[in-house]
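Undergrad:
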Amino acid sequence: MEILSYRLTLDFVLESLSPTLPIIEKQAVYRTTIHSDQGWHYQHRDWMKALKKQRIFQSMSRKGTCADNVAMENFFGLLKQKVYYGEALISYEELKQRSEQYITYYNNERIKQKFAGMSPVQYRTHASQLAA
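Heads up: the sequence shown runs through residues 28 to 159, numbered per the working numbering.
Following this line, the structure appears as structure tokens:
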């Protein structure tokens, strides 16, 4: 799993979707899925309509059922553990900076056994070359 696009913001969720769409369109080679928790804004009619219009699948774990989205739940668990678990962060900016650094590391450096010892970006590049 590779994180193609993300946006850490304090704004309402729809405001973060618009700048993300061009990135998704450019990089996604297969169907796009956005994973979220059950926050009210992710259940909002306008959010769901915007995703449907762009042919983006919404993936939302059922309450208390993390197995619904194991890959993303695992990623979020790692992100929390590596970025701020047990630490009092000073500001939103610090949280944002650390999160961005971890996502870059996760995509480009962190190898996975199921990707034959490659990072997600290396694996995607390798798979694209084989398909060509």
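Where is the CB? At the ideal position from N, CA and C, for every residue including glycine.
Computed from a predicted structure; not experimentally measured.
1. Is the distance from the Cβ of Leu105 to the Cβ of Tyr133 below 9 Å?
2. Nearest by alpha-carbon distance to Lys80: which of Leu44, Gly113, Leu157 is it?
3. Can the beta-carbon of Ser155 be found less than 9 Å from the beta-carbon of Leu35?
4. How many angstroms separate the CA atom of Ser161 from the CA atom of Ile51?
5. What does a CB cutoff of less than 6 Å around Met99 pick up in its chain, not counting 5 residues either side in sequence?
6. Measure the alpha-carbon distance for Glu114 versus Ile130 and round it to whole angstroms.
TA: In brief:
1. One-based indexing of the sequence shown puts residue 105 at position 78. One-based indexing of the sequence shown puts residue 133 at position 106. The answer is yes: Cβ separation under 9 Å.
2. Taking the first residue of the sequence shown as 1, we reach residue 80 at position 53. When only C-alpha atoms are compared, the closest one is Leu44.
3. By 1-based counting over the sequence shown, the position of residue 155 is 128. By 1-based counting over the sequence shown, the position of residue 35 is 8. No, the pair does not count as a contact, with Cβ atoms beyond the cut-off.
4. Because the chain is modelled from 28 through 159, residue 161 falls outside the range shown and cannot be assessed.
5. Along the sequence shown, one-based indexing puts residue 99 at 72. Counting only Cβ-Cβ distances below 6 Å, and skipping sequence neighbours, we find His62.
6. Working through the sequence shown from its first residue, we reach residue 114 at position 87. Working through the sequence shown from its first residue, we reach residue 130 at position 103. Approximately 19 Å, taken between the alpha carbons.
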